[in-house]
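Beneath this line is the structure, given in structure tokens, with notes to follow.
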Amino acid sequence: MPHWLHCKVLPGQFSNEFVVEGQSASGEGFSLFCPEEFVEFENEPSFERPADGWIQVQIVETAKGVRLVCLPRHTFGGGPYVTVRADAVERRPARQNAELT
Amino acid sequence: MILSNVEIQRALDDGRLVIKPEPMPRRPTHGATCPYDTHTVDLTLSTDFVVPNSGPFTIDFAQPGKISEFIAQNSKREPSSAERPFVLGRGKFVLAQTRETVELPIKPKLKKCLAARIEGKSSRARCGLLVHFTAPTVHPGWSGPLTLEMANLGPADLTLKPGIAIAQLIVEEVLGIPFENQSQFHGQRTPSGTR
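Chains as they are written, first to last, in the numbering used here: chain A, 456 to 556; chain B, 793 to 987.
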């Protein structure tokens, strides 16, 4: 069962990707372009209204209150690894995104 | 070690390399262009282009949390078709993707895996077309289409029709298995794959 990290989702450059923005445990922001199959959200995102969403991650290591996760793609200016707050990650099956209208 | 065309096809058969749709035909034949050269396989151009807006603005690499949004917001998608191909003007920069998705799965039991590099084609380069600069590497574990960072350095506008052979893939063997890697995501996609 995959793990999902809470994030903000915006449109990507290509139609098969999204911009994902998240926050590390230290409060620093990170962002990446991510293929759509690794991203979930409640409402279709736009630049005016970014969506609350989740990005699929792999847990690399867990420590007190934090988790080192591997993202599906590299962050801008960094690799695929980021330390996040443990409560920002949940474990559950994938679910369908809202249908495009 | 770089794979020959025969070894590339063997890797396709073994599932160590996945290219979808698979470039065909595998051997030279009448009436069709074989996408294989001695140690490369051609990839073709997809339909969507991303054109960055002209500034003036400044991209601040010290703000990594906002760069992706900024770049996406300051570019626009331009679909193309056989009837309406994309024209890349002189001195212009654009993003595109390969029609094929490339997958380099890591199978720990094999104790080695594959990496790849995307390179331009000399026929296109003679006209001034760059299909990538500084980012040719396809890492072990990668799965997806390849993004092309294209620029026209030539003297003429270039008409880019979807489906043309745009780049060539060189496949290499990597000794050993990388630590934690993104191939862990394989097989864990959403049921629909794409929406």
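Note that beta-carbon positions come from the ideal geometry of N, C-alpha and C, so glycine has one too. No experiment lies behind these values; they were computed from the predicted model shown.
Mapping the DSSP letters down to three states, classify B/Ser860 as helix, strand or coil.
Correct three-state label for B/Ser860: helix.
Just the Cα atoms here: how many angstroms apart are B/Pro827 and B/Pro820?
Near 9 Å, if we compare the C-alpha coordinates of B/Pro820 and B/Pro827.
Check for me: the beta strand (DSSP E) holding A/Glu545 runs from which residue to which?
Element bounds for A/Glu545: Val544 to Arg546.
Mind pulling the chain B residues with CB within less than 7 Å of A/Thr530?
By Cβ distance, chain B contributes Pro856.
Expressed to the nearest angstrom, what Euclidean distance is found between the alpha-carbon atoms of B/Thr825 and B/Lys913?
Cα to Cα, the separation comes out at about 15 Å.
What do you reckon, are the CB atoms on B/Ala927 and B/Val963 nearer than 7 Å?
No, the Cβ-Cβ distance between B/Ala927 and B/Val963 is not below 7 Å.
Flag A/Val494 as yes if its beta-carbon sits less than 7 Å from any beta-carbon of chain B, otherwise no.
So no, A/Val494 is outside the interface.
Would you verify that the beta carbon of B/Val810 is, or is not, closer than 7 Å to some beta carbon of chain A?
So no, B/Val810 is outside the interface.
Kindly list the residues whose CB is nearer than 7 Å to the CB of A/Pro505, restricted to its own chain and excluding five residues on each side of it in sequence; keep chain order.
Lys463, Val464 and Leu465, listed in sequence order.
Kindly indicate the opening and closing residues of the beta strand (DSSP E) around B/Asp834.
Thr832 to Pro844 is the span of the beta strand (DSSP E), which, as asked, contains B/Asp834.
Taking only beta-carbon atoms, is B/Gln980 less than 7 Å away from chain A?
Any reading at B/Gln980 is ruled out, since the residue's pLDDT is 43, under 50, leaving its predicted position unreliable.
Exposed or buried, B/Phe853, counting other C-beta atoms within 10 Å across all chains shown (16 or more means buried)?
Flag for B/Phe853 reads exposed.
Roughly how many angstroms separate the alpha carbons of B/Arg802 and A/Asp542, rounded to a whole number?
Their backbone Cα atoms lie some 45 Å apart in a straight line.
So, at 7 Å on beta carbons, what are the nonlocal neighbours of A/Leu487 in its own chain, with the 5 sequence-adjacent residues on each side left out?
Closer than 7 Å at the Cβ level, and outside the excluded window around A/Leu487, lie Val475, Leu526, Arg528, His529, Thr530 and Phe531.
Taking A/Pro500 as the query, report the chain B residues whose CB atoms sit under 8 Å from its CB, ordered along the chain.
Those within 8 Å of A/Pro500 in chain B number zero; the least Cβ separation is about 11 Å.
Measuring only the C-alpha atoms, how far is A/Arg550 from A/Glu495?
Going from the Cα of A/Arg550 to the Cα of A/Glu495 covers about 7 Å.
Check the Cβ-Cβ distances between A/Val521 and every residue of chain B, and say whether any is below 7 Å.
No, A/Val521 lies away from the interface with chain B (no Cβ there is under 7 Å from its Cβ).
Please give the ranges of any beta strand (DSSP E) in the stretch 865-909 of chain B, keeping only runs that are unbroken, at least 3 residues long and fully inside the region.
The stretch 865-909 of chain B contains these whole beta strand (DSSP E) runs: 867-871, 878-880 and 885-895.
Measuring alpha carbon to alpha carbon, tell me which residue in B/Leu887, B/Leu896, B/Phe841 and B/Val810 is nearest B/Pro871.
The residue with the shortest Cα to Cα distance from B/Pro871 is B/Phe841.
From the beta carbon of A/Pro490, is the nearest beta carbon of chain B less than 7 Å away?
By this cut-off, A/Pro490 is an interface position.
Suppose you measure from the CA of B/Gly955 to the CA of B/Thr839; what does that come to, to the nearest Å?
Their Cα atoms are separated by approximately 8 Å.
Compare the C-alpha of A/His461 against each of A/Gly533, A/Gly534 and A/Arg522 and name the closest.
If we check each option's Cα against that of A/His461, A/Arg522 comes out closest.
Between B/Ser873 and chain A, is any beta-carbon pair separated by less than 7 Å?
Output row for B/Ser873: interface = no.
Measuring only the C-alpha atoms, how far is A/Gly467 from A/Ser479?
Computed Cα separation, rounded: 21 Å.
In terms of residues, what are the limits of the alpha helix (DSSP H) holding B/Gln801?
Unbroken alpha helix (DSSP H) run through B/Gln801: Asn797 to Asp806.
Going by DSSP, name the residue or residues bridged to B/Ala957.
According to DSSP, which records beta bridges pairwise, B/Ala957 is partnered with B/Thr836.
In the DSSP output, which residue or residues are listed as bridge partners for A/Gly477?
A/Gly477 pairs with A/Phe485.
Let's see if you can read the secondary structure: which residues bound the beta strand (DSSP E) around A/Arg540?
Residues Tyr536 to Arg540.
Counting only the same chain and skipping the five closest in sequence on each side, list residues whose C-beta sits under 8 Å from that of B/Lys868.
So the qualifying residues of the chain are Val842, Val843 and Asn845.
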